[in-house]
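Below: one structure, written as structure tokens.
There are 4 protein chains.
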Amino acid sequence: MKTKKVAIVGASGYSGEVLVQLLLNHPHAELVAVTSRQNAGQTLAQVFPKFASHPKSKTLRFTEPDAPALAKLADVVFLALPHGVAAEYAVPLLAAGCTVIDLSADFRLKSAAVYQEFYAHAHPAPDLLSKSVYGLPEIYRDEIKRARLIASPGCYPTSILLPLIPLLKAGLVQPDGIIADSLSGVSGAGRKAELDYLFCECNESVRPYGVPKHRHLSEIEEQLSLAAGTNVTIQFTPHLIPVNRGILTTLYLAPTERVCDAAGAAQFAEKISAAYHSAYASEPFVRLLEGKALPDTKNVVGTNVCEIAWRIDPRTGRLIGMSAEDNLVKGASGQAVQSMNILCGFPETAGLV
Amino acid sequence: MKTKKVAIVGASGYSGEVLVQLLLNHPHAELVAVTSRQNAGQTLAQVFPKFASHPKSKTLRFTEPDAPALAKLADVVFLALPHGVAAEYAVPLLAAGCTVIDLSADFRLKSAAVYQEFYAHAHPAPDLLSKSVYGLPEIYRDEIKRARLIASPGCYPTSILLPLIPLLKAGLVQPDGIIADSLSGVSGAGRKAELDYLFCECNESVRPYGVPKHRHLSEIEEQLSLAAGTNVTIQFTPHLIPVNRGILTTLYLAPTERVCDAAGAAQFAEKISAAYHSAYASEPFVRLLEGKALPDTKNVVGTNVCEIAWRIDPRTGRLIGMSAEDNLVKGASGQAVQSMNILCGFPETAGLV
Amino acid sequence: MKTKKVAIVGASGYSGEVLVQLLLNHPHAELVAVTSRQNAGQTLAQVFPKFASHPKSKTLRFTEPDAPALAKLADVVFLALPHGVAAEYAVPLLAAGCTVIDLSADFRLKSAAVYQEFYAHAHPAPDLLSKSVYGLPEIYRDEIKRARLIASPGCYPTSILLPLIPLLKAGLVQPDGIIADSLSGVSGAGRKAELDYLFCECNESVRPYGVPKHRHLSEIEEQLSLAAGTNVTIQFTPHLIPVNRGILTTLYLAPTERVCDAAGAAQFAEKISAAYHSAYASEPFVRLLEGKALPDTKNVVGTNVCEIAWRIDPRTGRLIGMSAEDNLVKGASGQAVQSMNILCGFPETAGLV
Amino acid sequence: MKTKKVAIVGASGYSGEVLVQLLLNHPHAELVAVTSRQNAGQTLAQVFPKFASHPKSKTLRFTEPDAPALAKLADVVFLALPHGVAAEYAVPLLAAGCTVIDLSADFRLKSAAVYQEFYAHAHPAPDLLSKSVYGLPEIYRDEIKRARLIASPGCYPTSILLPLIPLLKAGLVQPDGIIADSLSGVSGAGRKAELDYLFCECNESVRPYGVPKHRHLSEIEEQLSLAAGTNVTIQFTPHLIPVNRGILTTLYLAPTERVCDAAGAAQFAEKISAAYHSAYASEPFVRLLEGKALPDTKNVVGTNVCEIAWRIDPRTGRLIGMSAEDNLVKGASGQAVQSMNILCGFPETAGLV
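Residue numbers (the numbering used here), protein chains in the order written: chain A, 1008 to 1360; chain B, 1008 to 1360; chain C, 1008 to 1360; chain D, 1008 to 1360.
Listed below in structure tokens is the structure:
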């Protein structure tokens, strides 16, 4: 299998760091460039001591980000940049023939107007919105195979979309009134020197934030609307939890059937189970929990797996969906590598197990 | 003001420990007895080194729990015992003339049948159910003044009832479809030697549990039904979070008015604000957050305060309520002392600020 | 007892926050001013939501630091400022007749030359060095009573000096070869927006820093030299530990007697015990641990207590000393208030228990 | 390369769990049996949800430990059992022709008398003591190649021996007066349901324990004595730190040369550097830190790497050595797999990078 040359623009943040880790050890990818303005000139080993045992860490140096130079070196370029900045690099890299896998929100939406509503500035490259593919492999595997611009999903969206889409597609839950309550580790805020994310401000603290209109709503609702075939508006509340990594999402859903008695609940349970198994039984990175097991972030941290469980509550007639993922792996860099594997024709799990 | 003699049965657990701390330093209470089977014979200082600087810690020794002996020593007895065990002590202590403040679930429900449904054994003293007062001072202050048996509320119930009851009483939210999503620190599980609560099992872990029917639902729904004047069934999902102390609850509520446009939302916001201010503006232990502030457990841990904030979401037409408390103080021992203050005629904040 | 008016310059950092907490609730002090450049204009409640239940929190506003204005308002001024900046305020405040309690390192040393060696700039007010009193009440209580400028000790120094000084004074340990290995919570680094102190950089991390020459060595060695009556040079290694608050220090000491056999060890143990009891038995804020107990930061956090324990190791002939304190209370703000109590003639424990 | 069949006795503890993880994914080992009394009958996926994505996790079931049955299935058997129990299995397994890699302390010492002194019971199989090889590959690689019984080192010993042995062998530090101050994550205490290791007892706590005579001293001193060619007695203080995994050790050492002036220090620094490079420059799992870098457990957790750094302190004339490792990987299971790789003729890093 032919090795691909890959580069990472913005490799010094938390998702950049996980990308470095995954790509340094990927059997079919050769990491040829990493960029970071503040670390330019330093080796990987200097910036990330934990990678110092890898031979390449002593020779590969961070450079200033420079699209034309990267286009000469790399076949595939990962962008781990802030929203709005990623597009500046995507345009020239695509023009120069590179495949681009963008971890920012810049190409996740189909509508430039919705982008402007949620990100508060005009979209920098609206023409590309129709060409990008939303990089959720379990849903868009075929499109990813043919893509040259991947918009890798956000961490919260992944944790919400994976448990919800099969149920909406199967018509098992109502598209109205969906609630997603999510708990995220602090790495989700990025490696930014801000008081709010200091150890002493996060440790022994649990708090909601961004209530009621978080930016990720835009891509969540766009994807849910596509799955449901109708406009979907959801309630989404993120909370900050003192763990480094992990997202736990609890979904409150209205079944399209009555589940308030034992017979109804049992019948509906079979349909939910069938929908999930049909969607995910052969997916390498979705784990449907069985028996009494419930998701726990500690069982997925460091892996590209999303755990899913669900319960019917006959007292309330509701369906409770629950998922757990590593926000930096399945919620960011692992999923991006999964997309790379698909579009490059590598085994989908290469470098991810 | 005449000092009351107080005793704690079951003083070696986490809520017992906080009771000891509060009562050792209470200006109008004299701690005369602490019981614990496993620590009988040891001084307070030996069992709780952190209290060793208090003069009484070197002389007050744990004893085996013995109701008649306690009744001779104490005016007020706190029971920090498991469900089902508390009633065994309450009966003889009440008969002997003591005032009893029970931190277990034994006397929180009015119905012995509901107790049996949720606690899986027959109620040990059903006659007392009609005599106990639910020790939520902000709601039952007058009844507490005259009570001789206080059923101090659970930690999750307190965090849910305080933000909800004023809204239900004012008819501002619908009693149907209420969702309470709660996040609790690990001390809520008690000081029990179980693998699930080991440091390495909880640290770097976030997980739901007890889905969908947690025992605390019984008292939550009974109290909400009383407030709403109709039967209330809610959805409640507890999660375990790696902090020692603190509960953060997020409530998803349906307003009884349309709030989907700016005018409707503004009008409704005034009503919510008025209901909360009417209920809590002069409460010493409820803090209504203003401006952009949202609850954070780190702002209430170690205090008897419950923080409350709310947001209207015009996109979904919902009201989001949020609360934060210390599960061991306002959610347990602090609230129990608050009840003691009320029924003994002490200033309500004595020993709590 | 006449109330003193007190002000805090630099009240928005971690030790400033604890000073606010202690002084808001102090029975004999009235907090009349708090300064902070970045928070000027905001109320205490806005900056510190946790204090919002205190009536004064809604009316007391942060101001720009202005020494003449403060001197008009306050009898006692606490300086919780960076090294080098504190002196700028101390000079005019002293000149205007205020008592100054400085929590920085600016007045802890007697020698301006040593200050320059360790702090890398000339001392800004060398004349005051001879007038300041090192605010370690267990050692300098009499001097503190008469002081107008208190140099409140650093957090590491307190944890090292309290267990060591009585042994050196009694000639029980050799002044040569002392090793202090200290573990500090992250609040010791201050509330600074730096990458090194982000949650994700500190959580699940244990690391030494500042090896081998930490700034606090200067005041530690000056104080130990005074106690020993000879020049003392020690080895000191600080480590950063993922807790909010707390310092644990382990001291490796050479007894001046042979303790390699049981008889020698027993005899020496009695002398150590006698020295500690003579020094600290009646100290309200030093707790000598007995029996098998060893210090644990969780038993002192939130209190002004320093726990001390020790063991003789007959295998090596060494004495091991161990201490635990809250770096923000006994290691900073609590100790500063203790000094205020002494110099103002208040009960020494006022506002601290 | 011929695959070896491997079994794990005692696979449900923390080091057992890491062994499972490493051996499930090892390119040359086939995990054929895992035992655990309390989990017998359950699959790997049921006991360890995090491994549920591995195909074998659904079929491999825990069994009761049974040496004859294991001997029929496996070529190599790992024992992850308590001290004293391991020997019961080692004897029959060796007799049946298996290679045994023991992670307990049972075969680490050469002297049954020292074993009895430190472990408080007679050695259960003293004849085997002369046949076992101490499984520290960086020191005993040749002996491991020919071994059939490996005594894999303890976690604290590994963190102390790796930085110390090259210096003692080179005669650069004095064998007298060595101090090792170690900080360990809570997983070092094992997966035991004890109050001391509950989340709320460890979180926000830092504490020494086992002072002054920890069991691991026996193997540390035996190995140091062999390296120094003389009897070595050291001072060792372990501390419990609220992280899941990781040991940080700080060593206080006396150089055999004067380093109190710049010239002496520089000369000695070259010798230390040379000794370490000679010992470890080509070791895949020892990382000598350069420049200003100091060890940090977060850079080694999840890896088989031990980081080492050192500083000369001309003020005190001492050498400070520092190391960091993952107590469950290089300090236990990873090192055991490293030994397996060596004795089976696999690449030493197989399954470990």
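C-beta: ideal position from N, C-alpha, C; glycine also.
Outcome for His1128 of chain D when other beta-carbon atoms lying within 10 angstroms are tallied against a minimum of 16: His1128 of chain D is exposed by the Cβ-count criterion.
What number of angstroms, rounded off, separates the C-alpha of Phe1356 of chain D from the C-alpha of Arg1153 of chain A? Checking the sequence, you will find Thr at residue 1356 of chain D rather than Phe. Thr1356 of chain D and Arg1153 of chain A: Cα-Cα distance of roughly 38 Å.
Within the 8 Å Cβ cut-off, does Phe1206 of chain D reach chain B? With 8 Å as the cut-off, Phe1206 of chain D counts as an interface residue toward chain B.
Look up Leu1086 of chain A in the DSSP assignment and give the residues it is bridged to. Beta-bridge pairing links Leu1086 of chain A to A:Val1016, A:Asp1109.
Compute the distance between the beta-carbons of Ala1040 of chain C and Leu1077 of chain C, then report whether it is under 8 Å. Cβ atoms of Ala1040 of chain C and Leu1077 of chain C: closer than 8 Å.
Compare the C-beta of Arg1198 of chain C against all C-beta atoms of chain A and say whether one is closer than 8 Å. Yes, because at least one Cβ of chain A sits closer than 8 Å to the Cβ of Arg1198 of chain C.
Please report the straight-line C-alpha distance between Ala1074 of chain B and Asn1032 of chain C, rounded to a whole angstrom. Distance between the alpha carbons of Ala1074 of chain B and Asn1032 of chain C: 38 Å.
Could you tell me whether the Cβ atoms of Thr1304 of chain D and Ser1330 of chain C are closer together than 8 Å? No, the Cβ-Cβ distance between Thr1304 of chain D and Ser1330 of chain C is not below 8 Å.
Would DSSP call Leu1295 of chain C helix, strand or coil? Of the three classes helix, strand and coil, the one that applies to Leu1295 of chain C here is strand, per DSSP.
N-terminal and C-terminal residue of the alpha helix (DSSP H) that Cys1313 of chain A is part of: Per DSSP, Cys1313 of chain A lies in no alpha helix (DSSP H) segment; the continuous beta strand (DSSP E) that holds it begins and ends at 1313–1320.
Can you tell me the Cα-Cα spacing of Ser1189 of chain A and Ala1081 of chain B, whole angstroms? Distance between the alpha carbons of Ser1189 of chain A and Ala1081 of chain B is about 47 Å.
Beta carbon of Ala1216 of chain B, beta carbon of Leu1258 of chain B: below 8 Å? Per the sequence shown, residue 1216 of chain B should be read as Tyr rather than Ala. Contact flag unset, no.
Per DSSP, Gln1242 of chain C is paired with what? BP columns for Gln1242 of chain C point to C:Ile1186.
Buried or exposed (CB count within 10 angstroms, at least 16 for buried), Glu1201 of chain B: Exposed.
Using three-state DSSP, classify Pro1170 of chain B as helix, strand or coil. Note: Pro1170 of chain B maps to helix in three-state DSSP.
Within 8 Å (strictly less), CB to CB, does Val1293 of chain C reach chain D? Interface flag for Val1293 of chain C against chain D is unset, since no Cβ pair is found closer than 8 Å.
Boundaries of the alpha helix (DSSP H) in which Leu1026 of chain D is found, first to last residue: Unbroken alpha helix (DSSP H) run through Leu1026 of chain D: 1021–1031.
In terms of residue numbering, what span does the alpha helix (DSSP H) encompassing Ala1052 of chain A cover? Unbroken alpha helix (DSSP H) run through Ala1052 of chain A: 1051–1054.
Count the other CB atoms within 10 Å of the CB of Glu1226 of chain B; is the residue buried (16 or more) or exposed (fewer)? By the neighbour-count rule (16 or more Cβ atoms within 10 Å), Glu1226 of chain B is buried.
Nearest-angstrom Cβ-Cβ length linking Val1218 of chain A and Tyr1096 of chain A, presumed shorter than 8 Å: Contact between Val1218 of chain A and Tyr1096 of chain A is ruled out by a C-beta separation of about 33 Å, above the 8 Å threshold.
Near Pro1170 of chain A, which residues of its chain fall below 7 Å by C-beta distance, leaving aside the five closest residues on each side in sequence? Same-chain partners within the cutoff: Leu1258, Ile1315, Gly1328, Ser1330.
Per DSSP, cross-strand counterpart(s) of Tyr1259 of chain C: Beta-bridge analysis with DSSP links Tyr1259 of chain C to C:Ile1186, C:Ile1327.
Less than 8 Å between the beta carbons of Arg1214 of chain D and Gly1020 of chain D, yes or no? No; because the gap between Cβ atoms is not below 8 Å, this pair is not in contact.
DSSP three-state assignment for Lys1011 of chain A, whether helix, strand or coil: Strand at Lys1011 of chain A.
Taking C-beta pairs closer than 7 Å, name the residues in chain A that Tyr1126 of chain B reaches, listed in chain order. Within chain A, no residue comes near Tyr1126 of chain B; the closest Cβ sits about 17 Å away, beyond 7 Å.
Assign Thr1237 of chain A to one of three DSSP states: helix, strand, or coil. Of the three classes helix, strand and coil, the one that applies to Thr1237 of chain A here is coil, per DSSP.
Keeping to the same chain, check which residues put their C-beta closer than 6 Å to that of Phe1125 of chain C; ignore five residues upstream and five downstream. Taking C-beta separations shorter than 6 Å and ignoring five residues to either side along the sequence, the partners of Phe1125 of chain C in its chain run Arg1222, Ser1225, following chain order.
Is it buried or exposed, Gly1236 of chain B, if we count other Cβ atoms within 10 angstroms and call 16 or more buried? Exposed is the call here.
Anything in chain B within Cβ reach of Asn1306 of chain C, meaning under 7 Å, just list it in chain order. In chain order: Pro1056, Lys1057.
What does the Cβ neighbour count give for Val1266 of chain A, buried or exposed, with the cut at 16 atoms within 10 Å? By the neighbour-count rule (16 or more Cβ atoms within 10 Å), Val1266 of chain A is buried.
According to the Cβ coordinates, are Leu1038 of chain A and Lys1063 of chain A closer than 8 Å? In this structure, Leu1038 of chain A lies near Lys1063 of chain A, with their beta-carbon atoms less than 8 Å apart.
Cβ-based neighbour list, Arg1318 of chain B, same chain, cut-off 7 Å, excluding 5 preceding and 5 following: Once the five neighbours on either side are set aside, the close Cβ partners of Arg1318 of chain B are Ile1327.
Nearest neighbour of Pro1144 of chain D, chosen from D:His1130, D:Asp1134, D:Ser1159 [CA to CA]: Each of D:His1130, D:Asp1134, D:Ser1159 was checked against the Cα of Pro1144 of chain D, and the nearest Cα belongs to D:Ser1159.
Taking three-plus beta-carbon pairs below 8 Å as touching, is the segment 1168–1188 of chain A in contact with the segment 1262–1278 of chain B? Three or more Cβ pairs closer than 8 Å define a contact, and the segment 1168–1188 of chain A falls short of that threshold against the segment 1262–1278 of chain B.
Output, in chain order, the set of chain B residues within a Cβ distance shorter than 9 Å of Leu1031 of chain D. Contacts between Leu1031 of chain D and chain B, judged by CB atoms closer than 9 Å, are missing: the closest CB pair is about 20 Å apart.
To be precise: take each residue of the segment 1158–1181 of chain D, compare its Cβ to all Cβ atoms of chain A, and keep it if any distance is under 9 Å. Which residues remain? When CB distances to chain A are screened at a threshold of 9 Å, not a single residue of the segment 1158–1181 of chain D falls below it.
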